[in-house]
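Just so you know, we're using this note's numbering here: the sequence shown kicks off at 5 and counts up by one.
Cβ coordinates follow ideal geometry from the N, Cα and C atoms, glycine included.
Being a predicted model, the structure only gives us computed values, none of them experimental.
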Amino acid sequence: MPKVRIYELAKKYKISSNALITILKELKFEPKSHMSVATDDMITAVTKKFAEGKKEAKKEMEHKEQIKAAVERKTSVGKVSTTPGSEVETIIKKIDKKLKKKERRKKKILNVVDKQAVAKTFKSTMANLGSGKSKKKYKKSSGEDEGVDLGNPNLIEVNEFMSVAELAKVIDVKPTEIITKLFELGVMATINQRLDMASIETIADEYGKEVTLIAEIGEDVLQDENVDHLIKRAPVVTVMGHVDHGKTSLLDFVRSANVVEGEAGAITQHIGAYDVECQGEKITFLDTPGHEAFTAMRARGAQITDIVVLVVAADDGVRPQTIEAIDHAKAAEVPIVVAINKIDKPNANPDSIRNELSNHNLLSEEWGGKTIMVEISAKHGDNVDKLLEMILLQAEMLDLMADPQIRAQGVVIDARLEKGRGPVVTVLVQKGTCKVGDSVVAGVQKGRIRTITDDKSKTMPNIGPSMPAQITGLGGVPQAGDSFMACVNDQEAKEISGKRAIIKRGQDARNNLGGITLDQIFERIKDGQIKDLRLIIKGDVDGSVEVLSDTLGKIQTDEVKTSIIRQSVGAISESDVILASASGAFIIGFHVSIDSRARELAKQEKVDIRLYDIIYEAEDDVKKALEGMLSPEISERFVGEAEVRDTFKVPKIGSIAGSYVKTGRFKRSDKVKLSRGGKIIYTGTLNSLRRFKDDVKEVKEGFECGIGLENYNDIKVGDLIEAYEIVETARKLEV
Ligand code: GDP
Ligand code: MG
């Protein structure tokens, strides 16, 4: 008989090696590691233990059956008597809650008169495109299908924005029936009307069907993997956790400590992903910056992720973003390995973290649960190697395989336009292989791979499963989260990207994807497309936010009224922009700054951000927008941002801010704002701009300079100075 190792035995029983080792120790064996050979005695003892476990499990199953029967009665009869306080009662309550939720959803659809909800679902669909949970569908060489989704007659395949007629066809009823159903739900539809996902789901639900989204264009030509060619691939890991718990520190430490020999000293770039080697095996890390900021990307990220490393600071605890990360991972059915970080801190309390996590269904292996937890210090590197080992162990259990012999399929991790190189796109190949010269499609973009480089700018001949790399050669910049695929030839790439572009244009036009601008709103009100003007209000202090939301919240005309979907104190952040974009809202800022990533995203998503110093002006603009009377837009165009790194006094001039221009440029003639901790505390002009001792007209990005502000001396290190120009754009209104 071949030797069986601990981890193989663990896999057989579907537990982690660590858990098995714990069990073996309880049984008085002393296995050394997951690689140790399991002796016959061990196997016999473990088998016996699990047989006993099965009896227990059977009992539990019977109990569950009882509950299930009660539940079935509940759903068919509607009412069922339960013993107060019993488990059955709790479950019945849960079902009631669920049913109510469904009712609410139906009600919501009643209100969907505007197209914004469609835009939202469209966004999430785009987010799922290509990176959707991969149904493992290996085609055997014999041609036999091993799909997992076989045999659920109630599962229908739907397409976002499919028409009433198309939906009727897949449900197998007459279109008129669907139209009637929609009518009952308050939606007047024609046979060719396209439906958003919420409506599709609700209708399907009415017929007892579950829906799955079908493929995007191009998916039909994707090659199936051949089981005989499957090889082990590296796990793809995403690091998540609350802000400041140490995600960046961990990613940086892992990368710097695991530079492969010969690469030491190489300049590394943050390209959004990298891989490292540990004990001769590879691990791929997704290294997307920011956390709260990247809500959207992370939702996508979780789909390409095999393992989530959840970082929790041992001197802090489970915080909102920790819980959010757990929810994301659970929703994507991705296992979590917990890194209890900052263990070097004197007030670190890892057991309290274990305890808190246990309230979120993450029970540490040491406490008899299934979740691997490692105590680390990302700052000093303590135990980070152990964490990597545990990641590999977890990966071992997942049995990650891919066929490298087919044409590459993957996901865009990051993409930008670079001077001289054109679109530079970080892709993660999930299956197959691609090489320089291959015709490829990423989202709606197509091209031929010109170069492939890794995060150390080293040229790579090709990329295979779980390998991240930067490629150039695409004709345009795709979006992070877009699917990536190699094609048979240019012709195929062109066809796929062309079709996708047409569909996307249509959808964009229908839904006006992303934000809307204040001056577009009147047309849409006229068209009856918008019934409420959604606003996000950000202000410097509670008082002003209150006043603004009171004032703006009251504005209404016959056709439309305002609704405030978020109001809070602080700088305008990326999450505000994401919310605005997803719900078609405007952002009104009062005495606040816009953080730089939020600004970038707003531009990309076409979210209108309006900044005001006077409440009356905000009110006036909103009123005018609703009445279609918005005067020429006087807006501030951001031109640069500098960070104050030092301050000094210069006789006759006053305080000078020794600053570093982080983005854009500074001109002597610019208007400027000074912000501290997200609040604007000065607005005015420059009275001096110097490089070394010389007065200069302009300072470019990446340079240091001395900035003096007109009539203002209270500059502090860490302040941000923003330069802007005033531009006037005539309102575009085609009445
Ligand atoms: P992120 O927001 O989750 O990316 O967290 P960062 O990696 O930026 O870390 C936030 C702060 O915690 C920084 O000041 C780090 O130096 C610090 N930090 C991170 N890991 C550790 C650690 O293991 N020990 C200690 N003492 N500090 C840490
Ligand atoms: Mg960070």
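Comparing C-alpha positions only, which one of the options sits nearest to residue i?
i      : options                        : result
Lys32  : Arg603, Ser21, Lys15, Val50    : Val50
Ala589 : Glu578, Leu556, Ser600, Ile568 : Ile568
Ile380 : Leu392, Glu369, Gly372         : Leu392
Asn493 : Thr216, Cys438, Ile27          : Cys438
Lys671 : Ile684, Ser679, Asn691, Gly662 : Asn691
Leu539 : Glu499, Lys503, Leu583         : Leu583
Gly468 : Asp348, Asp319, Thr288         : Thr288
Ala318 : Ala329, Pro354, Asp331, Glu285 : Pro354
Lys251 : Asp279, Asp291, Ser461, Asp224 : Asp291
Leu615 : Asp459, Ile207, Glu645, Lys677 : Lys677
Thr206 : Thr194, Ile221, Ile195, Ile183 : Ile183
Lys607 : Val654, Gly385, Ile591         : Ile591
Phe594 : Met377, Arg603, Ser572, Thr180 : Ser572
Val549 : Ile395, Gly276, Ala622, Pro350 : Ala622
Going by other Cβ atoms of all chains shown within 10 Å of its Cβ, with 16 needed for buried, is residue i buried or exposed?
i      : result
Ile613 : buried
Lys346 : buried
Ala382 : buried
Phe652 : exposed
Asn22  : buried
Ser260 : exposed
Glu30  : exposed
Glu214 : exposed
Asn387 : buried
Met489 : buried
Phe187 : exposed
Ile541 : buried
Val41  : exposed
Tyr11  : buried
Gly372 : exposed
Pro229 : Looking at the sequence provided, one finds Glu at residue 229 rather than Pro. With 16 or more Cβ atoms within 10 Å of its Cβ, Glu229 is classed as buried.
Met46  : buried
Give me the DSSP bridge partner(s) of residue i.
i      : result
Thr476 : Val428, Thr455
Asp291 : Paired residues: none, contrary to the question.
Asn345 : Ala317
Ala419 : Val429
Gly593 : Lys542, Leu615
Lys185 : Per DSSP, none; premise fails for Lys185.
Gly373 : DSSP, once it has assigned bridges, lists no residue as partnering Gly373.
Lys742 : The first residue shown for the chain is 5 and the last is 739, placing residue 742 beyond what the model contains.
Met489 : Gln413, Val445
Arg695 : Asp698
Thr747 : Because the chain in this structure spans residues 5 to 739, residue 747 falls outside the shown range and cannot be described.
Considering only residues of the same chain and omitting the five flanking positions on each side of residue i, which have a CB-CB separation below 8 Å?
i      : result
Glu296 : With a pLDDT of 34 at Glu296, under the threshold of 50, the predicted position of this residue should be treated as unreliable, and no value is reported.
Val700 : Arg672, Leu693, Arg694, Cys709
Output needed for residue i: all residues of its chain with C-beta closer than 7 Å, excluding positions within five of it in sequence on either side, in chain order.
i      : result
Val643 : Gly668, Arg669, Asp674, Ala727, Tyr728, Glu729
Lys236 : Leu404, Met405
Thr375 : Ile340, Val342, Leu366, Leu367, Ser368, Glu369
Gly658 : Gly712, Asn717
Ser600 : Glu645, Thr667
His249 : Val315, Val316, Ala317, Asp320, Asn345
Arg420 : Val428, Val481
Anyone know if the C-beta pair for residue i and residue j falls short of 8 Å?
i      : j      : result
Leu713 : Gly688 : yes
Val648 : Lys697 : no
Leu478 : Val448 : no
Ile27  : Lys7   : no
Ile410 : Gln273 : no
Ile475 : Asn466 : no
Val626 : Thr561 : no
Val177 : Ile160 : no
Val241 : Thr194 : no
Leu630 : Leu537 : yes
Ser3   : Lys450 : No statement about residue 3 is possible, as the shown extent of the chain runs from 5 to 739 and does not include it.
Asn262 : Glu285 : no
Ile395 : Ile330 : no
Gly662 : Glu705 : no
Shorter than 8 Å from the beta carbon of residue i to some beta carbon of chain B?
i      : result
Val243 : You won't find chain B in this structure, because it holds only one protein chain.
Excluding the five sequence neighbours on either side, which residues of its own chain have a C-beta within less than 6 Å of the C-beta of residue i, listed in chain order?
i      : result
Ala505 : Val448
Arg452 : Ser443, Gly477
Ala412 : Val433, Gly436, Thr437, Cys438, Ala490
Ile19  : none
Can we count residue i as close to the ligand NAD, meaning its CB is less than 7 Å from some heavy atom?
i      : result
His332 : By its list of ligands, the structure shown excludes the ligand NAD, since it contains just the ligand GDP and the ligand MG.
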